[in-house]
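Numbering (this note's numbering), first residue to last: -8 to 285. Where is the CB? At the ideal position from N, CA and C, for every residue including glycine.
Rendered as structure tokens:
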């Protein structure tokens, strides 16, 4: 028998094997003097009891009382843990000789929803009980809210809905969701000076003598309806709605017919769409006309 030439392992693999079980690691550093914690945590949420994050609970309570804001609720999510539902999804099936369909392969998949306006939404739950009530068969996966927002972006969702089906659902709209995914602070469009500046520039660019003012405020769409023990019929709170988020008020002088008004609106909307600050920072717009007498 002819002897085969000996094959040599790559240097880094050989070093790792040489260090295995010896006095040094693969980099040649001694094990002596190094201590591995006896109770090292291998999961960020290994001691999680499934309850709602305390900071988020406080922000939601303040919103319910009328003292909080939508921005404060979103800010509280920066360090909060949420649960996203994962369900089994049949990938392939076969028909046996007996004519029965059997699962051949299945995958675990994120659950996404479709809102009334057609936009895609990722459901997330602030406590385990809310998810169990919403979908008993779903597997809860604990992640930071920022990671959930990143998953929503990856799934091409425009919204993240917290605790759907509960007494207090809260919708995180696209700009807030993107900011959360990037771990950046979020400023609502209706309180953002940069958005107000875009509106002023759009009015100057329009240059129409009968359009004399433009202003921004919170749209009615930021409001959401919550059920409470005191008011089972529900009441509106100033945050967590699906939109429209921004209310733009145009102040007009008399003299504009419908055709001219349509032209004004089209011009402004096209200007806003071309501006990156506006396009990225505004989820949806409600337009209001205010007529001013000369």
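Original post:
According to the neighbour-count rule (16 or more other Cβ atoms, all chains shown, within 10 Å of its Cβ), is residue 176 buried or exposed?
Top reply: Mapped onto the chain shown, residue 176 falls at position 185. So residue 176 ends up on the exposed side.
**OP:** Locate the beta strand (DSSP E) running through residue 184, then write down its first and last residues.
**Re:** Here residue 184 refers to the residue found at position 193 when the chain shown is read from its first residue. Annotation: residue 184 is outside any beta strand (DSSP E); the continuous alpha helix (DSSP H) that includes it extends over 184 to 197.
**OP:** Reducing DSSP to helix, strand and coil, say where residue 215 ends up.
**Re:** Position 224 of the chain shown, counted from the start, is the residue given in the question as residue 215. Three-state result, residue 215: strand.
Original post:
How about residue 112 and residue 171: do their beta carbons lie closer than 8 Å?
Top reply: Here the question's residue 112 lines up with position 121 in the chain shown. Here the question's residue 171 lines up with position 180 in the chain shown. No.
Subject >> Residue from 236, 215 and 106 whose Cα sits closest to the Cα of residue 209 >> reply: Against the chain shown, residue 209 aligns to sequence position 218. Taking only the C-alpha atoms, the option nearest residue 209 is 236.
**OP:** Report the residue ranges of all beta strand (DSSP E) runs contained in full by the stretch 130 to 161; include only those spanning at least 3 residues, in chain order.
**Re:** Here the runs fully enclosed are 130 to 135 and 150 to 153.
**OP:** Report yes if the C-beta distance between residue 246 and residue 201 is below 8 Å; otherwise report no.
**Re:** Within the chain shown, residue 246 is the residue found at index 255, counting from 1. Within the chain shown, residue 201 is the residue found at index 210, counting from 1. A contact, by the Cβ cut-off of 8 Å.
Original post:
Would DSSP call residue 174 helix, strand or coil?
Top reply: Here residue 174 is taken as the residue at index 183 of the chain shown, counted from 1. In the structure shown, residue 174 adopts coil according to DSSP, grouped into three states.
Original post:
Can the beta-carbon of residue 133 be found less than 8 Å from the beta-carbon of residue 36?
Top reply: Position 142 of the chain shown, counted from the first residue, corresponds to residue 133. Position 45 of the chain shown, counted from the first residue, corresponds to residue 36. The answer is yes: Cβ separation under 8 Å.
**OP:** Quick one: measure Cβ to Cβ for residue 44 and residue 166, integer angstroms, because I've assumed they're closer than 8 Å.
**Re:** If you number the chain shown from 1, residue 44 lands on position 53. If you number the chain shown from 1, residue 166 lands on position 175. No, residue 44 and residue 166 are not in contact; Cβ-Cβ is about 22 Å, not under 8 Å.
Original post:
Near residue 146, which residues of its chain fall below 8 Å by C-beta distance, leaving aside the five closest residues on each side in sequence?
Top reply: Counting from 1 along the chain shown, the entry for residue 146 is found at position 155. Excluding sequence neighbours, residue 146 sits near 101, 103, 111 and 113.
**OP:** Starting from residue 74, follow its DSSP beta bridges and name the residues at the other end.
**Re:** In the chain shown, counting from the first residue as 1, residue 74 sits at position 83. Residue 74 pairs with 116 and 133.
**OP:** Can you have a look at residue 183 and say buried or exposed, based on whether 16 or more other CB atoms are within 10 angstroms of its CB?
**Re:** Residue 183 sits at position 192 when you count from the first residue of the chain shown. Counting other Cβ atoms within 10 Å of its Cβ, residue 183 reaches 16 or more and is therefore classed as buried.
Original post:
For the beta strand (DSSP E) that residue 208 lies in, which residues bound it at each end?
Top reply: Working through the chain shown from its first residue, we reach residue 208 at position 217. Residue 208 -> beta strand (DSSP E) spans 202 to 209.
Original post:
Do residue 189 and residue 266 have their C-beta atoms closer together than 8 Å?
Top reply: Start at 1 with the first residue of the chain shown, and residue 189 comes out as number 198. Start at 1 with the first residue of the chain shown, and residue 266 comes out as number 275. In contact: residue 189 and residue 266 (Cβ atoms closer than 8 Å).
**OP:** Mind checking who residue 228 pairs with in its DSSP beta bridge?
**Re:** Position 237 of the chain shown, counted from the start, is the residue given in the question as residue 228. Partner(s): 215.
Subject >> Proximity of residue 239 and residue 199 at Cβ, strictly below 8 Å >> reply: As a first step, residue 239 must be located in the chain shown, where it is residue number 248. As a first step, residue 199 must be located in the chain shown, where it is residue number 208. In this structure, residue 239 sits away from residue 199, with a CB-CB distance that is not shorter than 8 Å.
Original post:
residue 265 by DSSP, collapsed to three states: which one?
Top reply: Counting from 1 along the chain shown, the entry for residue 265 is found at position 274. Reduced to three states, the DSSP call for residue 265 is helix.
Original post:
Do you know how far the Cα of residue 195 is from the Cα of residue 269?
Top reply: In the chain shown, the residue the question calls residue 269 occupies position 278. In the chain shown, the residue the question calls residue 195 occupies position 204. Going by the C-alpha atoms only, they are around 16 Å apart.
Original post:
Span of the alpha helix (DSSP H) holding residue 239?
Top reply: Residue 239 sits at position 248 when you count from the first residue of the chain shown. Where residue 239 is concerned, there is no enclosing alpha helix (DSSP H), although the beta strand (DSSP E) it sits in stretches over 237 to 243.
Subject >> Residue from 76, 280, 140 and 106 whose Cα sits closest to the Cα of residue 169 >> reply: Walking along the chain shown from the start, residue 169 turns up at place 178. Distance check between residue 169 and each of 76, 280, 140 and 106 places 140 closest, using alpha-carbon atoms only.
**OP:** Rounded to whole angstroms, what's the CA-CA distance from residue 71 to residue 53? Just pull it up for me.
**Re:** Numbered from 1 along the chain shown, position 80 holds the residue referred to as residue 71. Numbered from 1 along the chain shown, position 62 holds the residue referred to as residue 53. CA-CA distance, residue 71 to residue 53, rounds to 17 Å.
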